[in-house]
Amino acid sequence: MIPTAVDRQAPEPAWAYPSRRAAAATRLLLAGLCLLAFALRAHRLAAQSLWSDEDITLDRAGLPLRELLAGLPVEQAPGYYVLMHAWTRLAGDSDLALRYPSLLAGVLAVPLAAYVGCRLRDRHTGMLLALVTALNPFLVYYGQEARMYALLYGLALAAIACLLRGIDSGRLRWWAACGALVAGILYTHYYGALIVFGLAGWAGFDLLARDRAQLRGWLVAGLVAALLFGPWLPRAIGVLGFGGWRGDLLLAGAARTHLGQWFAGRSAPAIGPGTWLYGLAALTGLAISAVVTAIESAWPGLRDAEGRRFHSARAGMALELLPLLAYALVVLRTADLESGWRTASADYDPRYALAALPGLYLQAATGFALLGNLILWPLSGLLRRLPGTGSGPGRRLLESDAQGPALLGPLLAGALIGAAAVPGLRNLYTDPAWQKQDYRGFVATVEAAAGHEDTVLLLDGPNYGLTRRYEVDDSPVKIVNLHSSGNLERGPEARAAYLAELAGSYPHLWLAEDGAALGEAKAWLDAGTYPVSEAGYQDITLRRYYRPVLAARDPGMLADPSRSAIRAGTAPVRQDLLLLVTEDAMHGSGARFADGPVRCQGATLRSLAAGEILPVFLTWSTETALTQRLKVSLRLLPEDAWMRGDPQGPAILDSDREPANWTRPSRDWAPGEPVVDRHALVLPRDMPPGRYALEVVLYDAETLVEVGHWWAPSLRVEPAR
Numbered sequence: 001m002i003p004t005a006v007d008r009q010a011p012e013p014a015w016a017y018p019s020r021r022a023a024a025a026t027r028l029l030l031a032g033l034c035l036l037a038f039a040l041r042a043h044r045l046a047a048q049s050l051w052s053d054e055d056i057t058l059d060r061a062g063l064p065l066r067e068l069l070a071g072l073p074v075e076q077a078p079g080y081y082v083l084m085h086a087w088t089r090l091a092g093d094s095d096l097a098l099r100y101p102s103l104l105a106g107v108l109a110v111p112l113a114a115y116v117g118c119r120l121r122d123r124h125t126g127m128l129l130a131l132v133t134a135l136n137p138f139l140v141y142y143g144q145e146a147r148m149y150a151l152l153y154g155l156a157l158a159a160i161a162c163l164l165r166g167i168d169s170g171r172l173r174w175w176a177a178c179g180a181l182v183a184g185i186l187y188t189h190y191y192g193a194l195i196v197f198g199l200a201g202w203a204g205f206d207l208l209a210r211d212r213a214q215l216r217g218w219l220v221a222g223l224v225a226a227l228l229f230g231p232w233l234p235r236a237i238g239v240l241g242f243g244g245w246r247g248d249l250l251l252a253g254a255a256r257t258h259l260g261q262w263f264a265g266r267s268a269p270a271i272g273p274g275t276w277l278y279g280l281a282a283l284t285g286l287a288i289s290a291v292v293t294a295i296e297s298a299w300p301g302l303r304d305a306e307g308r309r310f311h312s313a314r315a316g317m318a319l320e321l322l323p324l325l326a327y328a329l330v331v332l333r334t335a336d337l338e339s340g341w342r343t344a345s346a347d348y349d350p351r352y353a354l355a356a357l358p359g360l361y362l363q364a365a366t367g368f369a370l371l372g373n374l375i376l377w378p379l380s381g382l383l384r385r386l387p388g389t390g391s392g393p394g395r396r397l398l399e400s401d402a403q404g405p406a407l408l409g410p411l412l413a414g415a416l417i418g419a420a421a422v423p424g425l426r427n428l429y430t431d432p433a434w435q436k437q438d439y440r441g442f443v444a445t446v447e448a449a450a451g452h453e454d455t456v457l458l459l460d461g462p463n464y465g466l467t468r469r470y471e472v473d474d475s476p477v478k479i480v481n482l483h484s485s486g487n488l489e490r491g492p493e494a495r496a497a498y499l500a501e502l503a504g505s506y507p508h509l510w511l512a513e514d515g516a517a518l519g520e521a522k523a524w525l526d527a528g529t530y531p532v533s534e535a536g537y538q539d540i541t542l543r544r545y546y547r548p549v550l551a552a553r554d555p556g557m558l559a560d561p562s563r564s565a566i567r568a569g570t571a572p573v574r575q576d577l578l579l580l581v582t583e584d585a586m587h588g589s590g591a592r593f594a595d596g597p598v599r600c601q602g603a604t605l606r607s608l609a610a611g612e613i614l615p616v617f618l619t620w621s622t623e624t625a626l627t628q629r630l631k632v633s634l635r636l637l638p639e640d641a642w643m644r645g646d647p648q649g650p651a652i653l654d655s656d657r658e659p660a661n662w663t664r665p666s667r668d669w670a671p672g673e674p675v676v677d678r679h680a681l682v683l684p685r686d687m688p689p690g691r692y693a694l695e696v697v698l699y700d701a702e703t704l705v706e707v708g709h710w711w712a713p714s715l716r717v718e719p720a721r
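Per our numbering, residue 1 is the first one in the sequence shown, and the count goes up by one each step.
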């Protein structure tokens, strides 16, 4: 409430500094937390490539301002893109430059969090809220992303801080600043409206208390926000009809996913130590606020003596509960009743609620402070026996005095916050599985293996612009976007013909797929080329294929024009090929096991140079239906080691998978049907020249028991060309 002369003579509130030394120590600690926040967000800031959402920022920031505003989709607010439009003209559009505004927003949020926490609780809780803001993996993640979410959280804290300054000073300019910041939040992201519910609940408490001075401030804040956002409101209303771009989203597990990310980050399991610690702390903080509010309701006479404290408890509850409740109602409002409330059409994501999280993190900081003191209580008796803790500076660790509460409790609380952050931060920095899509990585992989204009990279889903962003100058790789409008307008047969044309010109074909893949390219390549390797780059799968441009380099190009089988002994065999044989090859037998015999016929090249690709063409057939799941393993080893029967000899282990690149599982083979199975081994350029033997092993994928063994001896490897 607005301070009066009586208020100015009242005792200092809990958040005030008890001494100059305490004030200096707090400022020093806050500076350290700001440096910590900067270090965590700056570490490997540009190491990860941009991903598709950040490419939206890059594209929109590069547009002329008029075109940017006119072309915005209905679900996107303009504020962040206008900011980045100006920023990129000043700092450029490198990965580092694009992400730096988010880093700055994340660092500036730390002192704002400290002020809000100190003002609504006490100094120690304020420092703990600042520590949460600096360390929380969810906030660190978005402090390293070229999107608006770090700014959204920082603006929410700034709006609350201006509101508190307005309450304390009685100056309407702070209320006006709060209104301007709320408008800025709405211009940044439409889900920023969630904080309006928390502020409205806060205003409702003041209305019930009939505090006219603060109601005047609320009126000013609301008027300024309405005036500033009003011109864009007709465009913003259109978002109410936006049904989302990801289709119906599952509601099952949504609460667990949201809380897991808010507490432990996107780079940690939803349910883990960090989630449990934060959840316990948030519930504890909420319980404290509820108890304080209940005491105020039961004993109204306490309101005058502890008015600020009760006011802060109510405000904290409003800031936490009402925005999150509104968020849940938005999602549930679009739930599909016919699906039994299992799906919702609202476009929701944990990051969208960042403007609603200051209240949640405030309650968590309050709970951590209490948990730290609870841990301290049983330890204090033991620690008092240690030298130096019974008197002097050591006593301040364990006991409260005129300088403030005991220090060890907040230190223990800070240790809990740090422990909760460790898994998420470790994964964010070191584990590729939890990181952004690595466009830079998979483009570098393709270019490192590419020769002179012999390689094509097919994109079935991954972003074409980002792929081109990370190619080197004068790249020998041709990049083809299979999702281009021109290609999608073709029919399936025309698209297959286009793939055949590319495969006829480029022997080395790479296919990058993600969740939006059509799948046609993979099916065609699996059936008509030699699969080489497969690697994952987060949710992008990169597959390598080989198709010899010259028929003389293709062991499957025999007299049989169908290329569906190799008929050794009945069709003319090229002199440049080696055929696979078994111990019983003279009798035409194959592998024999419980399900019956499996025959393998195959061929590979008789000679090639180090650094080239060795294609292996196999056909499988069975006399009876199989019930076992079989896998094929290829080994290339020196011929002398093979002749000695040395299974541990130096070998290239490059192919181990189910037949036909996982597309023809053995349980689906029809008796008598020839199953074509292509493999390819990449020979290292430093591979010693000499004679080698190729082994093909068929084994049971469940028991790992070998059920068939073939080989092609006397394969000659020449020096690299």
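Think of the CB as a built atom: it goes at the ideal place given N, C-alpha and C, for glycine as much as any other residue.
Residues of its chain near residue i, where Cβ-Cβ distance is below 8 Å and the 5 sequence neighbours each way are ignored
i: Pro111; result: Leu30, Cys34, Ala130
i: Lys522; result: Asp460, Leu511, Glu513, Arg543
i: Gly272; result: Gly260, Ala264, Pro423
i: Ala452; result: In the sequence as displayed, the identity of residue 452 is His instead of Ala. Within the same chain, His452 has close Cβ partners Pro476.
i: Pro78; result: Leu68, Leu69, Leu72, Tyr187, Trp232
Whole-angstrom distance between residue j and residue i, CA atom to CA atom
i: Ala680; j: Ala254; result: 44 Å
i: Gln437; j: Leu579; result: 42 Å
i: Ala252; j: Arg495; result: 39 Å
i: Gly543; j: Leu636; result: Inspection of the sequence shows that residue 543 is occupied by Arg rather than by Gly. Arg543 and Leu636: Cα-Cα distance of roughly 21 Å.
i: Thr275; j: Pro137; result: 11 Å
i: Glu706; j: Val696; result: 11 Å
i: Cys178; j: Pro269; result: 36 Å
i: Leu488; j: Leu482; result: 7 Å
i: Leu215; j: Pro462; result: 52 Å
i: Ala610; j: Pro674; result: 32 Å
i: Tyr100; j: Gln363; result: 29 Å
i: Leu425; j: Trp434; result: 10 Å
i: Phe205; j: Tyr361; result: 21 Å
i: Arg678; j: Tyr348; result: 44 Å
i: Thr529; j: Ser49; result: 31 Å
i: Ala47; j: Leu286; result: 39 Å
With 16 other Cβ atoms within 10 Å as the buried cut-off, status of residue i
i: Ile167; result: buried
i: Ala86; result: exposed
i: Ala591; result: For Ala591, the predicted structure reports a pLDDT of 49, less than 50, and the residue's modelled location is therefore unreliable. A value from the coordinates is still provided. That one is buried.
i: Met84; result: buried
i: Glu763; result: Outside the shown range of the chain (1 to 721) lies residue 763, about which nothing can therefore be said.
i: Asp473; result: exposed
i: Arg440; result: buried
i: Val291; result: exposed
i: Pro684; result: exposed
i: Pro387; result: The predicted model places Pro387 with a pLDDT of 48, which falls under 50 and marks its position as unreliable; any figure quoted below should be read in that light. Under this definition Pro387 is an exposed residue.
i: Gly372; result: buried
i: Arg60; result: buried
i: Pro3; result: Low per-residue confidence applies at Pro3: pLDDT is 40, beneath 50, and the placement is therefore not dependable, though the value from the model is reported in the following sentence. Pro3 comes out exposed.
Close beta carbons around residue i, own chain, < 7 Å, minus the five adjacent residues each side
i: Arg657; result: Lys631, Val632
i: Pro719; result: Ala609, Ala610, Pro689
i: Ala193; result: Leu186
i: Tyr141; result: Gly265, Arg266, Ser267, Leu428
Beta carbon of residue i nearer than 7 Å to that of residue j
i: Leu319; j: Leu152; result: no
i: Tyr80; j: Met148; result: yes
i: Gly367; j: Ala281; result: yes
i: Ala792; j: Ala413; result: Only positions 1 to 721 of the chain appear in the structure, and residue 792 is not among them; the question remains open.
i: Val74; j: Gly243; result: no
i: Ala150; j: Ser94; result: no
6 Å Cβ shell around residue i - same chain, five flanking residues per side excluded
i: Gly126; result: Ala114, Gly117, Cys118
i: Ser714; result: Arg691
Option nearest residue i by Cα separation, candidates the options
i: Gly184; options: Tyr530, Gly230, Gly143; result: Gly230
i: Leu250; options: Met687, Ala335, Ala527, Ser533; result: Ala335
i: Pro548; options: Pro555, Pro507, Ala516, Gln538; result: Pro507
i: Thr455; options: Gly106, Tyr187, Ser475, Ala47; result: Ser475
i: Pro638; options: Arg490, Leu407, Val717; result: Val717
i: Leu104; options: Ala42, Ile540, Ile613, Trp174; result: Ala42
i: Ala315; options: Pro234, Val331, Ile195, Ser52; result: Ile195
i: Glu702; options: Leu219, Gln628, Arg165, Leu96; result: Gln628
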